[in-house]
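Reading through the structure tokens given below for one structure.
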Amino acid sequence: MEKTEISVLPELSMFFSTLHSQSGEGRSALLPCLFVAQELYGYIPEFVVNEISSDLKIPTAEIDKVIEFYPLFHKVPVQKTILHVCNDPSCKMAGADTVFKMIRSGIGESSPYTEGVEIEKAPCLGLCAHNPSLHIQGELLRIPIADRTNNLLVPSSKHTHTNIMGKNRLITTNCGTGKTCTLMEYWKHDGYQALKNALAMDPAAVIEEIKVSSLVGRGGEAFLTGIKWEKAVIGDQKTRFLVCNACETDPLTFKDRVLMEDDPHRILEGMIIAAYAIQSHRGFIVINGEYELAFQILSQAIIDSREAGLLGRNIMGSGFDFDIELRKQGGRYCSGEEIALLESIEGKCAIPRGKPPFPTSKGLFNKPTVINNVETLCNIPVIFKMGAMNYRKIGTDTAKGTVLVCLAGDIKKPGLVEIPYGTTLREIINDFGKGPDNENRFFTALVGGIAGGFIRESDLDIEISLDMATKNKLSLGSGSIVLFNEKRDLLKNLTRIARFFLTETCGKCSSCVNGIEQQVILINKARSGTITTRDCSKFNQICQEMDRSSDCRMGQFATNSFRSAMEEFPSLFVAKK
Ligand code: SF4
Ligand code: FES
Numbered sequence: 000m001e002k003t004e005i006s007v008l009p010e011l012s013m014f015f016s017t018l019h020s021q022s023g024e025g026r027s028a029l030l031p032c033l034f035v036a037q038e039l040y041g042y043i044p045e046f047v048v049n050e051i052s053s054d055l056k057i058p059t060a061e062i063d064k065v066i067e068f069y070p071l072f073h074k075v076p077v078q079k080t081i082l083h084v085c086n087d088p089s090c091k092m093a094g095a096d097t098v099f100k101m102i103r104s105g106i107g108e109s110s111p112y113t114e115g116v117e118i119e120k121a122p123c124l125g126l127c128a129h130n131p132s133l134h135i136q137g138e139l140l141r142i143p144i145a146d147r148t149n150n151l152l153v154p155s156s157k158h159t160h161t162n163i164m165g166k167n168r169l170i171t172t173n174c175g176t177g178k179t180c181t182l183m184e185y186w187k188h189d190g191y192q193a194l195k196n197a198l199a200m201d202p203a204a205v206i207e208e209i210k211v212s213s214l215v216g217r218g219g220e221a222f223l224t225g226i227k228w229e230k231a232v233i234g235d236q237k238t239r240f241l242v243c244n245a246c247e248t249d250p251l252t253f254k255d256r257v258l259m260e261d262d263p264h265r266i267l268e269g270m271i272i273a274a275y276a277i278q279s280h281r282g283f284i285v286i287n288g289e290y291e292l293a294f295q296i297l298s299q300a301i302i303d304s305r306e307a308g309l310l311g312r313n314i315m316g317s318g319f320d321f322d323i324e325l326r327k328q329g330g331r332y333c334s335g336e337e338i339a340l341l342e343s344i345e346g347k348c349a350i351p352r353g354k355p356p357f358p359t360s361k362g363l364f365n366k367p368t369v370i371n372n373v374e375t376l377c378n379i380p381v382i383f384k385m386g387a388m389n390y391r392k393i394g395t396d397t398a399k400g401t402v403l404v405c406l407a408g409d410i411k412k413p414g415l416v417e418i419p420y421g422t423t424l425r426e427i428i429n430d431f432g433k434g435p436d437n438e439n440r441f442f443t444a445l446v447g448g449i450a451g452g453f454i455r456e457s458d459l460d461i462e463i464s465l466d467m468a469t470k471n472k473l474s475l476g477s478g479s480i481v482l483f484n485e486k487r488d489l490l491k492n493l494t495r496i497a498r499f500f501l502t503e504t505c506g507k508c509s510s511c512v513n514g515i516e517q518q519v520i521l522i523n524k525a526r527s528g529t530i531t532t533r534d535c536s537k538f539n540q541i542c543q544e545m546d547r548s549s550d551c552r553m554g555q556f557a558t559n560s561f562r563s564a565m566e567e568f569p570s571l572f573v574a575k576k
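As numbered in numbering that gives the first Met the number 0, the sequence shown has no gaps in its residue numbers, which increase by one up to the final residue, 576.
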């Protein structure tokens with residue numbers, strides 16, 4: 000008994016100090032407190048739930064609901080250290096299943112990295128260019144080929160060194176060095192000069208400059224950023240919030256992770272300018288709970304910025320006050336949806352709801368809120384350094400600036416590519432990615448992430464643009480392109496994608512749940528050769544219903560890749576005699 004008290008006490012005191020320092024926030028402190036408890040105990044013990052309940056005035060049943068909703072929280076003890084092996088297409092194609100079996104059979108024997116460790120399959124870890132990806136406590140692991148028979152795991156460098164490629168690189172200039180660009184280094188590269196320029200302007204002029212640049216959000220919806228900011232300042236509400244969406248819950252996407260790990264100050268500078276434009280004094284960064292390294296790097300960057308007078312009161316002597324709170328997200332795909340994101344900051348389950356009202360009029364704590372994603376915010380300092388008119392010269396008539404593409408799968412040089420709009424898929428895949436790997440021929444590529452569409456080799460001259468959807472029935476979506484060579488079983492990969500959506504639907508809309516279930520059934524039928532034409536046309540009707548009555552975009556795009564495969568490769572969806 001005495002021994003238990005001694006070992007638990009320091010943990011308890013740390014937990015309570017966090018809880019009490021946060022409790023002024025009311026329910027909004029719930030997720031940060033749960034993360035502290037999860038980290039300390041490896042699960043959320045009952046006494047912690049009771050303490051939180053009395054301190055934050057939240058019924059225990061509500062807290063239990065939240066714990067159950069987010070997969071990163073556990074109600075029963077699990078190993079504090081979990082080794083995640085990615086289970087998504089890019090890593091599966093690189094042999095993740097074999098690696099998983101190998102490690103599980105050798106757990107606790109061959110490597111200090113597997114002692115006292117639980118091994119779990121996990122959705123994409125944002126390391127698709129380093130596959131098969133294995134991740135432990137924020138650290139990337141690899142199995143050197145020579146040691147695979149001995150099942151020897153060794154750590155890679157803590158900071159992942161992702162290939163950065165492209166032309167007209169504007170926002171990745173400090174990325175790809177294998178280390179973080181510190182405040183000092185960022186400053187040397189003219190960092191925070193854009194902020195200085197913006198602070199010398201009137202806030203309305205800052206919004207105008209972004210409107211002139213024609214910057215659109217890089218989160219998939221392609222909404223004009225300047226218009227979004229303007230909407231938040233209409234009306235007489237004086238309290239406004241700025242939220243940086245750094246959830247990156249889309250499998251096969253890793254651009255935000257790279258930007259956060261390699262160049263955190265560019266994101267902070269973009270946020271401070273955005274906050275100044277809309278006159279917000281409080282911002283949040285909501286980061287994927289699996290991105291431990293990025294979390295630590297951003298935390299340090301925020302501390303450094305405060306010390307340098309770039310955050311907090313009277314920023315750069317301008318009289319403008321703004322500060323940022325970094326929040327972890329509990330690991331659900333739909334938490335990346337705008338409204339769901341705000342719900343999670345408020346300490347609730349991240350369940351999307353229909354719009355309107357839009358966050359710019361009624362967002363966080365019912366106040367006007369601007370939500371921009373990491374890549375969008377990284378463009379802001381560029382615009383204030385080079386000027387909106389010069390920024391407009393990059394790209395095409397209808398799409399300005401550059402865009403990031405995560406390149407993975409069966410490709411010689413996977414990594415992050417920054418290209419101006421107007422670049423063709425062929426240039427991205429062949430010039431930067433160096434074409435398909437090994438001797439195998441290109442079969443197809445999934446463009447736009449798991450909710451994207453498949454292309455054929457004859458589509459490679461399609462240009463990346465904002466009107467790809469109308470012109471080519473394709474969208475860059477979450478910003479990834481994954482190659483599949485001729486040896487790949489497309490139906491098997493579609494099964495994995497369909498199962499992902501089945502796990503991740505929040506269950507609120509029956510059309511979404513039904514459509515996703517039907518998708519799984521149909522893919523299984525296609526695999527067993529029993530699918531019929533009637534099945535396919537019935538499924539199209541189900542998809543129309545999903546489009547019509549789903550509360551968030553997931554209901555509209557969860558079947559995209561399957562529908563696209565049916566269209567591009569109809570021979571896979573016929574009954575086998
Ligand atoms: S469409 Fe799907 S994920 Fe979105 S709210 Fe409805 S059930 Fe949830
Ligand atoms: S890390 Fe495996 S698919 Fe992204």
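By construction, the Cβ of each residue, glycine as well, lies at the ideal position given by its N, Cα and C atoms. Note that the structure is a prediction, hence the values are computed from the model and not measured.
Would you kindly report the start and end of the unbroken beta strand (DSSP E) that includes residue 273?
Residue 273 -> not in any beta strand (DSSP E); alpha helix (DSSP H) instead, spanning 263 to 277.
At what residues does the beta strand (DSSP E) containing residue 444 begin and finish?
441 to 446
So who's on the other strand from residue 212, going by DSSP bridges?
According to DSSP, which records beta bridges pairwise, residue 212 is partnered with nothing at all.
Taking the CB atoms as reference points, tell me whether residue 246 and residue 287 lie closer together than 9 Å.
yes
Run through DSSP, which three-state label would residue 51 get?
helix
Using three-state DSSP, classify residue 509 as helix, strand or coil.
Helix at residue 509.
Pocket of ligand 1 (residues with CB nearer than 5 Å to any heavy atom), chain order
Of all residues, those with a beta-carbon under 5 Å from at least one heavy atom of ligand 1 are 333, 351, 504, 505, 507, 508, 511, 549, 550, 551, 553 and 554, reported in chain order.
Bridge partners for residue 577 per DSSP, in chain order?
The question about residue 577 has no answer here: the residues shown for the chain are numbered 0 through 576.
Using CA atoms only, rank isn't needed, just tell me which of 50, 500 and 356 is closest to residue 337.
356
Among all the DSSP beta bridges, which residues are the ones paired with residue 119?
83, per the DSSP bridge assignment.
How would you label residue 513, buried or exposed, when you count the other beta carbons within 10 angstroms and need 16 or more for buried?
exposed
From the DSSP output, in three-state form, read off residue 164 for me.
strand
Which residues share a DSSP beta bridge with residue 323?
282
Should residue 431 go down as buried or exposed, given a rule of 16 or more other Cβ atoms within 10 Å for buried?
buried
Determine the extent of the alpha helix (DSSP H) in which residue 383 is found, giving its start and end residues.
373 to 385
7 Å Cβ shell around residue 414 - same chain, five flanking residues per side excluded:
Within the same chain, and ignoring the five residues on either side of residue 414 in sequence, the residues whose Cβ sits closer than 7 Å to its Cβ are 128, 161, 162, 163, 164 and 406.
Among 412, 423 and 416, which residue has its Cα nearest to the Cα of residue 436?
412
Quick check: what's the CA-CA separation for residue 204 versus residue 370?
20 Å
Starting from residue 479, trace the beta strand (DSSP E) in both directions and tell me its first and last residue.
479 to 484
Whose C-beta lies closer than 6 Å to the C-beta of residue 214 among residues of the same chain, with five residues either side of it excluded?
Only 224 and 378 meet the Cβ criterion.
Are residue 376 and residue 323 closer than 9 Å when you measure CB to CB?
no
Can you list, in chain order, the residues of its chain with a C-beta nearer than 6 Å to that of residue 294? Leave out the 5 residues immediately preceding and following it.
286
Which same chain residues end up closer than 8 Å to residue 444 when comparing Cβ atoms and leaving out the 5 residues on each side of it in sequence?
408, 424, 428, 453, 454, 480, 481, 482 and 483
Answer yes or no: the CB of residue 132 versus the heavy atoms of ligand 2, is any distance below 8 Å?
Flag set: Cβ of residue 132 near ligand 2.
Looking at residue 126: is its Cβ nearer than 9 Å to the Cβ of residue 256?
yes
In the structure shown, what three-state DSSP assignment does residue 542 receive?
helix
Between residue 126 and ligand 2, is the CB less than 8 Å from at least one heavy atom?
yes
With distance defined between alpha-carbon atoms, name the residue in 366, 382, 494 and 419 nearest to residue 465.
419
Are the CB atoms of residue 490 and residue 403 nearer to each other than 9 Å?
no
So for residue 25, helix, strand or coil by DSSP?
Of the three classes helix, strand and coil, the one that applies to residue 25 here is helix, per DSSP.
Nearest neighbour of residue 344, chosen from 302, 283, 451 and 132 [CA to CA]
283
Could you spell out the range, first to last residue, of the beta strand (DSSP E) harbouring residue 494?
Where residue 494 is concerned, there is no enclosing beta strand (DSSP E), although the alpha helix (DSSP H) it sits in stretches over 489 to 503.
Could you check the C-alpha separation between residue 538 and residue 502 for me, to the nearest Å?
20 Å
Using a threshold of 8 Å, is the CB atom of residue 560 nearer than that to any non-hydrogen atom of ligand 2?
No, since every heavy atom of ligand 2 falls outside the 8 Å radius drawn around the Cβ of residue 560.
Inspect the CB distances between the segment 313 to 321 and the segment 192 to 202 and report whether three or more fall short of 8 Å.
Yes, since at least three Cβ pairs between the segment 313 to 321 and the segment 192 to 202 fall closer than 8 Å, the two stretches touch.
Please name the residue, chosen from 363, 386, 532 and 506, that lies closest to residue 240 on a Cα-to-Cα basis.
363
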